[in-house]
Amino acid sequence: MSETGSSFSETGSYTLAVDGMGGDGGSEVVVAGLAIAADRHPSARILLVGDEAKLTGLLSRYPRAAAICTIRPAGSAISMDMKPTAALRVRDSSMRLAMDAVAQGEAQGVVSAGNSGAMLALAKIVVKTLPGITRPAMAAISPTTRGDVVMLDLGANVACDWRNLVEFAVMGEAFAKAVLGLPAPTIGLLNVGSEELKGDERLRQAAEVLRGSSLAKQFHGFVEGHDITAGTTDVVVTDGFTGNVALKTGEGALKMAFTLLRQVFTSSLLGRIGYLLVRPGLERMKEWLDPRRYNGAVFVGLNGVVVKSHGGTDAEGFAAAVDVAIDMVTHRFNDGIRDRLARMGSLTTVKASPDQPQAVPAS
């Protein structure tokens, strides 16, 4: 395969640029994950960016990955603790060159398990935001009792105004269509109560705009914290501060539940007998809640697909992040955002009335 990928819109083919040097597990996890992804997506083409000698050696051990990969050499790698400002100055890093490939149209998306802050900074500077989007957001999928839910923002923007929240709703709806395959995803704004008068002015302003937009039929209104895991809506929209707290709280609650179950089933003979009786159900639940299934947070609102794999994931988890990127490319995720913004017209540019205080955006 040549190094230059074709445009998906013109030929139906697609190329992903993959940072071969990011993550706690290093290049081996990346290449092993690509071998799994190759079985699922044999038509995919991967521009694998990183240390040429190391990646060549790994691909010789993973022929399935080698069949879909072309190596692009990179002179350096972004460390997991490097500050975003410093990462921007390293122009020959594997992460930067992967972003460059998307910006130059050689690839339609990028996947990295590397430094989150550096990745967001590079994405903003190199890939840039879509026209009509003021800030990219971080979106991810989480399990609920009714299926899966898309949540955003999960930390890219600590403080948001009403317009940001409206844009997040647009992007979340397009994400749920592309990745979850939902024809008309329902949308909720996370609030301290479901009543219309609850919350601050930016939430009420965002809700008012959504009710008057082309998303009105899909807009459920305000949702509360318990609605996230209940699956009340398919998309939950919030600012990055609240979203990150909700995400980490959910992860902590899940770990606590499994720890308590382990204590119950190992504390006595009756507990061990009980475990043998319920083991099949517990195994199914563990598989359903496996965090590797939900690996792959996405920076949405950019001129290309940018997927962040968890740094500590294994090969199966990295393959799941590649799955997300491929779903978004093949389902023309960004086209969905552009179309929705065009249909919403001037609603997202309406100014709050003088008596309504404006929220202060994050610096």
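If you count by the UniProt record's numbering, then the sequence shown holds residues 1 to 363, one letter each, in order. Yeah, the Cβ is synthetic: ideal placement off N, Cα and C, and Gly gets one too. If you're wondering where the values come from, they're calculated on a predicted model, not measured in any experiment.
(request) State whether the stretch 50-69 contacts the stretch 104-113, with contact taken as three or more CB pairs (one from each stretch) at a distance under 8 Å. (result) no
(request) Kindly indicate the opening and closing residues of the alpha helix (DSSP H) around proline 42. (result) For the purposes of this step, residue 42 is identified with residue 42 of the sequence shown, where counting begins at 1. Looking at the DSSP string, proline 42 is not in any alpha helix (DSSP H), and its letter there is neither H nor E.
(request) Reducing DSSP to helix, strand and coil, say where proline 63 ends up. (result) Locating residue 63 in the sequence shown gives position 63, counting from the first residue. In this structure, proline 63 counts as helix in the three-state DSSP scheme.
(request) Find the nearest neighbour of threonine 70 within the set Arg293, Met151, Met171 and Leu58, judged by alpha-carbon distance. (result) Position 70 of the sequence shown holds residue 70. The shortest Cα separation from threonine 70 among Arg293, Met151, Met171 and Leu58 belongs to Leu58.
(message) So for valine 237, helix, strand or coil by DSSP?
(response) Along the sequence shown, one-based indexing puts residue 237 at 237. In this structure, valine 237 counts as strand in the three-state DSSP scheme.
(request) Just mark phenylalanine 219 as buried or exposed, buried being the case when its beta carbon has 16 or more other beta carbons within 10 Å. (result) Numbered from its first residue, the sequence shown carries residue 219 at position 219. Classification of phenylalanine 219: buried, given that the 10 Å Cβ count is 16 or more.
(request) State the DSSP-derived secondary structure class of methionine 1, mapped to helix, strand or coil. (result) Sequence index remark: in the sequence shown, residue 1 carries index 1 (1-based). A caution first: methionine 1 carries a pLDDT of 33, below 50, which makes its placement in the model unreliable, though a value can still be read off. Reduced to three states, the DSSP call for methionine 1 is coil.
(message) Cutting at 8 Å between CB atoms, please list the residues of its own chain near glutamate 169, excluding the five before and the five after it.
(response) Numbered from its first residue, the sequence shown carries residue 169 at position 169. Note on identity: in this sequence residue 169 is alanine, with glutamate being the wrong assignment. Excluding positions up to five away in sequence, the list reads Ile187, Leu189, Ala206, Leu210, Leu215, Phe219, Val235 and Val237.
(message) I'd like the span of the beta strand (DSSP E) that includes serine 142, first residue to last.
(response) Here the question's residue 142 lines up with position 142 in the sequence shown. Start and end: 137-144.
(message) Can you confirm whether the stretch 12-25 touches the stretch 90-100 when touching is taken to mean that 3 or more C-beta pairs between the two stretches lie within less than 8 Å?
(response) yes
(message) Can you give me the C-alpha to C-alpha distance between alanine 178 and alanine 184, rounded to a whole angstrom?
(response) For the purposes of this step, residue 178 is identified with residue 178 of the sequence shown, where counting begins at 1. For the purposes of this step, residue 184 is identified with residue 184 of the sequence shown, where counting begins at 1. Approximately 11 Å, taken between the alpha carbons.
(request) Give the DSSP-derived three-state secondary structure of leucine 182 in the structure shown. (result) Within the sequence shown, residue 182 is the residue found at index 182, counting from 1. If DSSP states are grouped into helix, strand and coil, leucine 182 belongs with coil.
(request) Give the secondary structure of threonine 232 by DSSP, where H, G and I count as helix, E and B as strand, and everything else as coil. (result) Here residue 232 refers to the residue found at position 232 of the sequence shown. Three-state DSSP puts threonine 232 in coil, outside helix and strand.
(request) Drop a sphere of 10 angstroms on the beta-carbon of histidine 41, count the other beta-carbons inside from all chains shown, and report buried for 16 or more, exposed for fewer. (result) On the sequence shown, position 41 is the one that residue 41 refers to. That one is buried.
(request) Measure the alpha-carbon distance for aspartate 148 versus leucine 154 and round it to whole angstroms. (result) Taking the first residue of the sequence shown as 1, we reach residue 148 at position 148. Taking the first residue of the sequence shown as 1, we reach residue 154 at position 154. Whole-angstrom Cα-Cα distance: 16 Å.
(request) Enumerate in chain order the residues of its own chain whose CB-to-CB distance from arginine 343 is below 7 Å, with the five nearest sequence positions on each side excluded. (result) Here the question's residue 343 lines up with position 343 in the sequence shown. Ser214, listed in sequence order.
(message) Give me the DSSP bridge partner(s) of cysteine 69.
(response) Residue mapping note: residue 69 aligns to position 69 of the sequence shown, counting from 1. The partner list for cysteine 69 (beta bridge, DSSP) reads Ile46.
(request) Below 7 Å CB to CB, which residues in the same chain sit around proline 354 once its five sequence neighbours on both sides are set aside? (result) On the sequence shown, position 354 is the one that residue 354 refers to. With a pLDDT of only 38 at proline 354, under 50, the local geometry of the prediction cannot be trusted, and no value is derived from it.
(request) List the DSSP bridge partners of valine 18. (result) Stepping through the sequence shown from its first residue, residue 18 is reached at position 18. According to DSSP, which records beta bridges pairwise, valine 18 is partnered with Leu48 and Val111.
(message) Taking contact to mean 3 or more Cβ pairs, one atom from each stretch, closer than 8 Å, check whether the stretch 321-339 and the stretch 115-124 are in contact.
(response) no
(message) Determine whether the beta carbon atoms of alanine 87 and asparagine 115 lie at a separation below 8 Å.
(response) Here the question's residue 87 lines up with position 87 in the sequence shown. Here the question's residue 115 lines up with position 115 in the sequence shown. Yes, these two residues count as a Cβ contact at 8 Å.
(message) On the DSSP letters alone, give me the boundaries of the alpha helix (DSSP H) that residue 364 sits inside.
(response) Nothing about residue 364 can be reported from this structure: the residues present for the chain run from 1 to 363 only.
(message) Beta-carbon within less than 6 Å of glycine 117's beta-carbon, same chain only, minus the 5 sequence neighbours each way: which residues are those?
(response) Residue 117 sits at position 117 when you count from the first residue of the sequence shown. For glycine 117, where only same-chain residues beyond five positions count, the Cβ hits under 6 Å are Pro84.
(request) Reducing DSSP to helix, strand and coil, say where serine 93 ends up. (result) Residue mapping note: residue 93 aligns to position 93 of the sequence shown, counting from 1. Looking at serine 93 - three-state DSSP - the assignment turns out to be strand.
(request) Please go through the same chain and pick out, in chain order, the residues whose beta-carbon is closer than 8 Å to the beta-carbon of glutamine 356, but skip the five residues on each side of it. (result) The residue given as residue 356 occupies position 356 in the sequence shown. Annotation note: pLDDT 41 at glutamine 356 (below 50); position unreliable, coordinate value reported separately. Excluding sequence neighbours, glutamine 356 sits near Glu201 and Gln205.
(request) Assign serine 9 to buried or exposed, taking buried as 16 or more other Cβ atoms, counted over all protein chains shown, within 10 Å of its Cβ. (result) The residue labelled residue 9 in the question sits at position 9 within the sequence shown. Unreliable placement is indicated for serine 9, whose pLDDT of 42 sits below 50; the coordinate value is still reported in the next sentence. That one is exposed.
(message) What would DSSP say about serine 6, mapped onto helix, strand or coil?
(response) By 1-based counting over the sequence shown, the position of residue 6 is 6. With a pLDDT of 37 at serine 6, under the threshold of 50, the modelled position of that residue is not reliable, and the figure given next carries that caveat. Coil, per DSSP.
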